[in-house]
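Let me begin by presenting the structure, written as C-alpha cells, before commenting on it.
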Amino acid sequence: MAKIPNEQLIKAIADKFDTQVTVVGEPYELLTVETGREQIIDLLTFLKTDAELKFAFLTDITAIHYPEQEKQIGVIYHLHSLTTNTRIRIKVFLTDGDVHIPSATVLWDGANWMERETYDFFGVIFDGHPDLRRILNVDDMTAFPMRKEFPLEDPNRVDKKDFYFGR
Amino acid sequence: MQNHPVFTDNDPQSELSTLNLGPTHPATHGVFQNVLQLDGERIVSGVSTIGYIHRAFEKIAEHRPFYQITPLTDRLNYCSSPINNMGWHMTVEKLLNIQTPKRVDYLRVIVMELARIADHIVCNGVLGVDTGAFTGFLYMMEHREAIYEIYEEVCGSRLTTNIGRIGGFERNFNSKAFDKLRAFLKNFPKTLKEFETLFNRNRIFVDRTRGVAEVTAETALSYSWTGPILRATGVDYDVRAMNPYSSYEDFEFEVPVGDTGDVYSRFLVRNEEMWQSLRIIEQALAKLDKEDSTIFHADVPEFYLPPKEEVYNNMEALIYHFKIVMGEIPTPTTEVYHSVEGANGELGFYLVNDGGRSPYRLHFRRPSFINYQMYAPMSRGMLLSDAIINMSSLNIIAGELDA
Numbered sequence: 038m039a040k041i042p043n044e045q046l047i048k049a050i051a052d053k054f055d056t057q058v059t060v061v062g063e064p065y066e067l068l069t070v071e072t073g074r075e076q077i078i079d080l081l082t083f084l085k086t087d088a089e090l091k092f093a094f095l096t097d098i099t100a101i102h103y104p105e106q107e108k109q110i111g112v113i114y115h116l117h118s119l120t121t122n123t124r125i126r127i128k129v130f131l132t133d134g135d136v137h138i139p140s141a142t143v144l145w146d147g148a149n150w151m152e153r154e155t156y157d158f159f160g161v162i163f164d165g166h167p168d169l170r171r172i173l174n175v176d177d178m179t180a181f182p183m184r185k186e187f188p189l190e191d192p193n194r195v196d197k198k199d200f201y202f203g204r
Numbered sequence: 177m178q179n180h181p182v183f184t185d186n187d188p189q190s191e192l193s194t195l196n197l198g199p200t201h202p203a204t205h206g207v208f209q210n211v212l213q214l215d216g217e218r219i220v221s222g223v224s225t226i227g228y229i230h231r232a233f234e235k236i237a238e239h240r241p242f243y244q245i246t247p248l249t250d251r252l253n254y255c256s257s258p259i260n261n262m263g264w265h266m267t268v269e270k271l272l273n274i275q276t277p278k279r280v281d282y283l284r285v286i287v288m289e290l291a292r293i294a295d296h297i298v299c300n301g302v303l304g305v306d307t308g309a310f311t312g313f314l315y316m317m318e319h320r321e322a323i324y325e326i327y328e329e330v331c332g333s334r335l336t337t338n339i340g341r342i343g344g345f346e347r348n349f350n351s352k353a354f355d356k357l358r359a360f361l362k363n364f365p366k367t368l369k370e371f372e373t374l375f376n377r378n379r380i381f382v383d384r385t386r387g388v389a390e391v392t393a394e395t396a397l398s399y400s401w402t403g404p405i406l407r408a409t410g411v412d413y414d415v416r417a418m419n420p421y422s423s424y425e426d427f428e429f430e431v432p433v434g435d436t437g438d439v440y441s442r443f444l445v446r447n448e449e450m451w452q453s454l455r456i457i458e459q460a461l462a463k464l465d466k467e468d469s470t471i472f473h474a475d476v477p478e479f480y481l482p483p484k485e486e487v488y489n490n491m492e493a494l495i496y497h498f499k500i501v502m503g504e505i506p507t508p509t510t511e512v513y514h515s516v517e518g519a520n521g522e523l524g525f526y527l528v529n530d531g532g533r534s535p536y537r538l539h540f541r542r543p544s545f546i547n548y549q550m551y552a553p554m555s556r557g558m559l560l561s562d563a564i565i566n567m568s569s570l571n572i573i574a575g576e577l578d579a
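Residue numbers (my numbering), protein chains in the order written: chain W, 38 to 204; chain Y, 177 to 579.
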C-alpha cells in the first residue's frame, strides 16, 4: 500500500482527538505531533489499532531535555506502519519534578527496555511499567546522566582549566 | 516457544539451581549476564543484565562536532562498523540537505554490503561452533579476512574503519582495493556454497537448530524485532527495500524470508542474505564503471575537510578548514530520523539539532539492544544448550547493546 499522506494522517488524528493533539511540524516529511500524557496511551492505541493507519511497529522511545523550557523533559515515540510504510513521531512534554507518564508496555512488549533506558538516562517515570530499573548504568547511581545539568567531564578536574594554559 | 513442563519456585518438589551465564562466559559472545534458574538442564526463569561496557555514546556525541562522531559510531557494532559509520553520515547529510554523487552511493553500497557479509560470516560461523562444528567457521573466517584487507586498502584500518566523511569518503578507492574486491567476489561464493553444503542438511546441525527458540511473527513485531531474525519469522521488512537509501533502489535483490522463526530459519536467512549481498556488489561494481572514477565525495567544502596539502597551499582550503574546525558554519535547527539496514536490523539515528556544531541530542536505535530484550523471556522452558545456540543466532554485539 502507498504511503499515507501527512494531510490525511493529520485529519484522521484531528477527527478523533480534536485539539488534544497538535501538529508540531513535518521535518523531512516525518509528521511530528505533540500531545499530553493524559492522551498518550489513547493516541498510541488509536494509531496502532486503526484499520487504515496500522502503526503497529514501535520503532523507538527516547527522551530529550530542554532545561530552558517550562516543560523540560520531552518523551519521543517513533512509530512505523509496515503495511503503508509511513512513520510518525509523537512528543509528550513533562514538567521537571512531575515526570510521570503511562507506560506503553500495555501495547508493545518491546517498550519495556526502551522505557527502562529512558528512565535510566532522563529519570522519566513510566507508570505501570512492570520492571522500571536502571538498565545501562549502575543501580546505585543517583543522577540521570543525559540531562543537560550533568556535564560530560568531572567539574572538579583542574588539569583542563584555561588558567593553567595562560588563557 | 517450546511447551515443556517446568517446575516453579513454589513447587515443593523442585530444587532449582542458579546459574550465572556470563559475564564473559565463552558461550555468551560478549559481556552479558543472565542469571538463570535451572531445573536440571531446563531453564525456569532468567534475568538479563546488560551495560557492562556502556560508554555514554550519546552523551559524548553531544559534546563533539559532527565530523568527530564518526569514530564513536565505528565502535558500536564492531563486526560491521562501516554500516554504522555510513548510517551516521547519511543522517548528517539528510540534516544538511547534501546530495551525494552516484559514485559515492555505489561505493557506500559496496562497503556496506561487504560489512553485512563480514557480520553474517561471524554469526553463522559461530553458530556452527556452538553446535560443535568448527570447520565452517574456519573456512569462512578466511574470507572475513579478505574483506578486512579490502577495508585496509580503502582506509588503512580493519576493524574500526572510520571510513566515511560528510559527503563521501576520506579518500578514493585505489586499484588494489578493486583487485582485492574482485578476488573476493571470485573466491567467496565457492566457500559459501561449501559452507551451505556442510550445514544445511547436516543431521546434527538440523537436529540442534530446527524447532529451537521458535518465535511467531506477532511476538517478534511486538518486541520490535528487525533484521534477519524478524525476517526468519516471515515478515519481509527490510529497510533497504522499504525506504531505499544510498541508491539501493537502483539494484535488484530479494529480501529472503523464513517461515518458522527458529534458529535454523535464522541461519538460512543469513546465508541467503550473503548471496544477495554478493549480487548487489556485482551490480554496484558494474555501475561504477560508468561513473567518473575521480569523484569520491560531494562538493561541500563547508563540511568536508580539505586535503592537508591544499590547506598548506591554498587560501580557500585554509579558510574552509578553519571554519569547519572552529564550527563556524551554521546548521539547520531541526530534527531528523534516518535508518539503515544494519546487519542485525534497523539501525536508526534520531538527531535533534539546535544549529550548533554538535548535536543537541543524538539517539541511536540499536537493533542489538532491542532484539536482546526477548532473550530471557524466550529462554523460559528451554534447555541450557538450546539457550546458548539461541544467543548466537540472535547475533547480539555487546558494543551495540550497551552503546
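By construction, the Cβ of each residue, glycine as well, lies at the ideal position given by its N, Cα and C atoms.
Chain-ordered neighbours of residue i on chain Y, where CB pairs are closer than 7 Å
i: W/His166; result: Ordered by position in chain Y, no residue passes the 7 Å Cβ test against W/His166, which lies about 13 Å from the chain.
i: W/Met183; result: Glu234 and Lys235
i: W/Tyr65; result: Lys270 and Val512
i: W/Tyr196; result: It should be noted that the sequence gives Asp, not Tyr, for residue 196 of chain W. Chain Y residues near W/Asp196: none, gap ~17 Å exceeds 7 Å.
i: W/Thr99; result: Tyr526 and His539
i: W/Leu189; result: Lys235, Ile236 and His239
i: W/Leu119; result: Tyr413
Length of the line joining the Cα atoms of residue i and residue j
i: Y/His374; j: Y/Phe381; result: According to the sequence as given, residue 374 of chain Y is Leu; it is not His. Each residue's Cα considered, the two are about 9 Å apart.
i: Y/Glu449; j: Y/Asp468; result: 30 Å
i: Y/Ile229; j: Y/Arg542; result: 15 Å
i: W/Arg130; j: Y/Glu269; result: In the sequence under discussion, the amino acid at residue 130 of chain W is Phe, which differs from the Arg named in the question. Looking at the two C-alpha atoms, the distance is approximately 28 Å.
i: W/Val136; j: Y/Arg320; result: 48 Å
i: W/Glu152; j: Y/Tyr324; result: 37 Å
i: Y/Pro199; j: Y/Thr385; result: 24 Å
i: W/His166; j: W/Thr142; result: 7 Å
i: W/Thr69; j: W/Gln76; result: 16 Å
i: Y/Gly330; j: Y/Leu361; result: The amino acid occupying residue 330 of chain Y in the given sequence is Val; Gly does not appear at that position. So the two alpha carbons sit approximately 17 Å from each other.
i: Y/Gly301; j: Y/Thr336; result: 21 Å
i: Y/Pro181; j: Y/Ser221; result: Any answer about Y/Pro181 is weak, because its pLDDT of 47 lies below 50 and its placement is not dependable; what the coordinates show is given next. Each residue's Cα considered, the two are about 13 Å apart.
i: Y/Phe345; j: Y/Arg279; result: 11 Å
i: Y/Leu454; j: Y/His514; result: 25 Å
i: W/Asp176; j: W/Asp52; result: 44 Å
i: Y/Ile546; j: W/Val112; result: 18 Å
i: Y/Ala563; j: W/Arg194; result: 46 Å
Local conformation of residue i per DSSP, three classes
i: Y/Glu478; result: coil
i: W/Ala100; result: strand
i: Y/Val298; result: helix
i: Y/Gln209; result: strand
i: Y/Arg541; result: strand
i: W/Val143; result: helix
i: Y/Asp215; result: strand
i: W/Glu71; result: strand
i: Y/Tyr243; result: helix
i: W/Ile78; result: helix
i: Y/Glu428; result: coil
i: Y/Gly312; result: helix
i: W/Leu95; result: strand
Contacts of residue i in chain Y (Cβ-Cβ under 8 Å)
i: W/Arg74; result: Those do not exist, as W/Arg74 stays about 20 Å from chain Y at its closest Cβ, beyond 8 Å.
i: W/Asn122; result: Met418 and Asn419
Beta-carbon neighbours of residue i, restricted to chain Y and to distances below 9 Å
i: W/Asp94; result: According to the sequence shown, residue 94 of chain W is Phe rather than Asp. Correct list: Leu397, Ser400, Thr402 and Tyr413.
i: W/Gly208; result: Residue coverage of chain W in this structure runs from 38 to 204, which leaves residue 208 of chain W outside it and unanswerable.
i: W/Thr86; result: Correct list: empty, because the minimum Cβ distance to chain Y is about 13 Å.
i: W/His115; result: Tyr513, Gly524, Tyr526 and Arg541
Near the ligand NAP: residue i beta-carbon under 6 Å from a heavy atom
i: Y/Ile564; result: As far as ligands go, the structure on display features none, and thus does not contain the ligand NAP.
Within chain W, the residues that residue i reaches when beta carbons sit closer than 7 Å
i: Y/Asn260; result: Per Cβ cutoff of 7 Å: no residues; Y/Asn260 is ~16 Å from chain W at best.
i: Y/His230; result: Leu173 and Asn174
Contact set between residue i and chain W, taken where Cβ atoms lie within less than 8 Å
i: Y/Asp578; result: Leu173
i: Y/Ile226; result: Ile172 and Leu173
Residue i: contacting residues in chain W (beta-carbon distance under 9 Å)
i: Y/His319; result: Under the 9 Å cutoff, chain W gives no residues; its nearest Cβ is about 33 Å from Y/His319.
i: Y/His296; result: Within 9 Å Cβ-Cβ: nothing; Y/His296 doesn't reach chain W, min ~23 Å.
### Message
Contact between the segment 309-328 of chain Y and the segment 365-380 of chain Y is defined here as three or more beta-carbon pairs at a separation below 8 Å; is this criterion met?
### Response
Contact holds between the segment 309-328 of chain Y and the segment 365-380 of chain Y, because three or more Cβ pairs, one in each stretch, are under 8 Å apart.
### Task
Spell out a yes or no on whether the segment 515-535 of chain Y and the segment 404-416 of chain Y are touching, meaning 3 or more CB-CB pairs, one atom from each, closer than 8 Å.
The segment 515-535 of chain Y, when compared against the segment 404-416 of chain Y, does touch it at the 8 Å Cβ threshold.
#### Entry: Any 3 or more C-beta pairs closer than 8 Å across the segment 160-171 of chain W and the segment 419-436 of chain Y
No, the segment 160-171 of chain W does not touch the segment 419-436 of chain Y.
### Message
With three or more beta-carbon pairs closer than 8 Å as the criterion, would you say the segment 243-254 of chain Y touches the segment 433-448 of chain Y?
### Response
No: fewer than three Cβ pairs fall under 8 Å.
### Query
Can we say the segment 91-99 of chain W touches the segment 117-125 of chain W, given the rule of at least three CB pairs closer than 8 Å?
Between the segment 91-99 of chain W and the segment 117-125 of chain W there are three or more C-beta pairs closer than 8 Å, enough to call the two in contact.
### Query
Which residue spans inside the segment 352-423 of chain Y form an unbroken alpha helix (DSSP H) run of at least 4?
DSSP runs (the alpha helix (DSSP H)) wholly in the segment 352-423 of chain Y: 379-385, 393-398, 404-407 and 415-418.
### Query
Would you call the segment 474-484 of chain Y and the segment 392-411 of chain Y in contact, with 3 or more CB pairs under 8 Å?
Result no; under three Cβ-Cβ pairs closer than 8 Å.
### Task
Return the chain-ordered ranges of every beta strand (DSSP E) run that is complete within the segment 132-182 of chain W and spans a minimum of 3 residues.
Within the segment 132-182 of chain W, the complete beta strand (DSSP E) segments of 3 residues or longer fall at 137-139 and 162-164, listed in chain order.
### Query
Does the segment 272-291 of chain Y come close enough to the segment 448-463 of chain Y to have 3 or more Cβ pairs within less than 8 Å?
Yes: at least three Cβ pairs fall under 8 Å.
### Task
Flag this pair as touching only if the segment 94-101 of chain W and the segment 42-59 of chain W have three or more C-beta atom pairs under 8 Å; answer yes or no.
Short answer: they don't touch.
### Task
Report yes or no: do the segment 225-242 of chain Y and the segment 555-571 of chain Y share at least 3 C-beta pairs separated by less than 8 Å?
Verdict: no, contact absent.
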